[in-house]
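Q: Have a look at the structure that comes next, please.
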Amino acid sequence: MVFATRSLLSFRALTRPSRHVPCHARRYLPQGIRHLSDDKPSIEQSQPAQDAQPQAETDIPLQTVPLEQLKAKEAEVADLTNRLRYLQADFVNLQRNAAREKEQQRDYAISRFAGDILQVVDVLSLALKSVPAPYLNAPSPPESPSSPPPNPSDASSAPTSPQKSARDYLVELHHGVQMTHRLLLSVLSTYGVKPFDPTGEKFDPNRHEALYQVPIPGKEPGSVVDCQKIGFTIKDRLLRAAQVGVAQDTS
-16 MVFATRSLLS
-6 FRALTRPSRH
4 VPCHARRYLP
14 QGIRHLSDDK
24 PSIEQSQPAQ
34 DAQPQAETDI
44 PLQTVPLEQL
54 KAKEAEVADL
64 TNRLRYLQAD
74 FVNLQRNAAR
84 EKEQQRDYAI
94 SRFAGDILQV
104 VDVLSLALKS
114 VPAPYLNAPS
124 PPESPSSPPP
134 NPSDASSAPT
144 SPQKSARDYL
154 VELHHGVQMT
164 HRLLLSVLST
174 YGVKPFDPTG
184 EKFDPNRHEA
194 LYQVPIPGKE
204 PGSVVDCQKI
214 GFTIKDRLLR
224 AAQVGVAQDT
234 S
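So, in structure tokens, the structure goes:
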């Protein structure tokens, strides 16, 4: 009985977990039995792990960018800057061209209308040339005595102004046409349409239209001796060429 009790006590002592059990005794413990102290890491084992973490962070080397890559980025920046400047210059030129085209459209918008009005100017010019200047400046002829006096019994008889001759009416008509011609040219001038008479100038095929050539002594060959229709310009452009006669070489 005593022997059995001692054997039981010695078995419990062997199976009881203890920190003071030697390492060589732990080898012979039955399988499936472990000590509670095995689950808890020791202070000495956890402390080095915590100290190793910041050390590992400080040991990471800084990544250095290669010099070739920096030069490539600088070249790319310079290229993009030049492109931006070119785009800005192109945009400024586009704005200037658009403003110039808009101004030209405003200035030359009446070119077709002015070209049609020039036909009226030509007709008035022909009407003025149809009356010779000496006849306009000649004195009025005296009133013919054979003309019958007005009938006093006429109901419409009233004190009237002296009777005018046909020449007087012609002179007044000529003045009216002349005033209309001047007024029309003045209105065209306000819109930039101006006439030019190249008589006496050197023939210019860009501004003159030659209708005929005539040999005239004393005139330089190739000079304008007669202007049938005057030319017109609108701003700095030619609206209609002048129709002229040109002197021919007499040799």
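Counting along the sequence shown from 1, when you hit position 155 you're at 138 in the working numbering, and nothing is skipped either side.
Cβ coordinates follow ideal geometry from the N, Cα and C atoms, glycine included.
Just so we're clear, the structure is a prediction, and the values are computed from it rather than from any experiment.
Just to confirm my understanding: we take residue 320, look at its own chain, exclude 5 residues before and 5 after, and list those with CB closer than 8 Å. What are they?
A: Because the chain spans -16 through 234 in this model, residue 320 falls outside it and cannot be assessed.
Q: What are the boundary residues of the alpha helix (DSSP H) that residue 216 is part of?
A: The count along the sequence shown starts at 1 and reaches residue 216 at position 233. From DSSP, residue 216 is part of no alpha helix (DSSP H) but of the beta strand (DSSP E) over 214 to 217.
Q: Just curious, the alpha helix (DSSP H) that residue 179 is in, first and last residue?
A: Position 196 of the sequence shown, counted from the first residue, corresponds to residue 179. Unbroken run through residue 179 is the beta strand (DSSP E), 176 to 179; no alpha helix (DSSP H).
Q: Given a cut-off of 8 Å, decide if residue 225 and residue 213 are closer than it, judged by their beta-carbon atoms.
A: For the purposes of this step, residue 213 is taken as residue 230 along the sequence shown, with counting starting at 1. For the purposes of this step, residue 225 is taken as residue 242 along the sequence shown, with counting starting at 1. When the beta-carbon positions are compared, residue 213 and residue 225 come within less than 8 Å of each other.
Q: Which one of 210, 105 and 114 has the shortest CA to CA distance from residue 165?
A: The sequence position of residue 165 within the sequence shown is 182, counting from 1. Among 210, 105 and 114, the Cα nearest to that of residue 165 belongs to 105.
Q: Determine the burial state of residue 227: buried for a count of at least 16 other Cβ atoms within 10 Å of its Cβ, exposed for fewer.
A: Within the sequence shown, the letter at position 244 stands for residue 227. When all chains shown are included, residue 227 counts as buried.
Q: Kindly indicate which three-state DSSP category residue 189 falls into: helix, strand or coil?
A: In the sequence shown, residue 189 corresponds to position 206, counting from 1. In this structure, residue 189 counts as coil in the three-state DSSP scheme.
Q: Among all the DSSP beta bridges, which residues are the ones paired with residue 257?
A: The first residue shown for the chain is -16 and the last is 234, placing residue 257 beyond what the model contains.
Q: Taking the alpha-carbon positions, what's the residue 88 to residue 81 distance?
A: Within the sequence shown, numbered from 1, the residue matching residue 88 stands at position 105. Within the sequence shown, numbered from 1, the residue matching residue 81 stands at position 98. Cα to Cα, the separation comes out at about 11 Å.
Q: Check whether the Cβ atoms of residue 97 and residue 222 lie closer than 8 Å to each other.
A: On the sequence shown, position 114 is the one that residue 97 refers to. On the sequence shown, position 239 is the one that residue 222 refers to. Taking 8 Å as the Cβ cut-off, residue 97 and residue 222 qualify as a contacting pair.
Q: For residue 191 and residue 181, which I take to be in contact (beta-carbon distance under 8 Å), what is that distance rounded to the nearest angstrom?
A: Locating residue 191 in the sequence shown gives position 208, where the first residue counts as 1. Locating residue 181 in the sequence shown gives position 198, where the first residue counts as 1. With 8 Å as the limit, residue 191 and residue 181 qualify as a contact, their Cβ atoms being about 6 Å apart.
Q: Bridge partners of residue 198, per DSSP?
A: As a first step, residue 198 must be located in the sequence shown, where it is residue number 215. For residue 198, which the question treats as bridged, DSSP gives the partners 231.
Q: Relative to the C-alpha of residue 94, which residue among 233, 215 and 232 is closest?
A: Walking along the sequence shown from the start, residue 94 turns up at place 111. With distances taken between Cα atoms, residue 94 lies closest to 215.
Q: With distance defined between alpha-carbon atoms, name the residue in 100, 204 and 116 nearest to residue 169.
A: Locating residue 169 in the sequence shown gives position 186, where the first residue counts as 1. With distances taken between Cα atoms, residue 169 lies closest to 100.
Q: Between residue 160 and residue 109, which are expected to be in contact by the criterion C-beta below 8 Å, what is the C-beta distance as a whole number of angstroms?
A: By one-based count along the sequence shown, residue 160 stands at place 177. By one-based count along the sequence shown, residue 109 stands at place 126. Going by Cβ atoms, the distance from residue 160 to residue 109 rounds to 10 Å, so no, they are not a contact pair.
Q: Do you know offhand how far residue 162's Cα is from residue 220's?
A: As a working mapping, residue 162 is identified with position 179 in the sequence shown. As a working mapping, residue 220 is identified with position 237 in the sequence shown. Whole-angstrom Cα-Cα distance: 27 Å.
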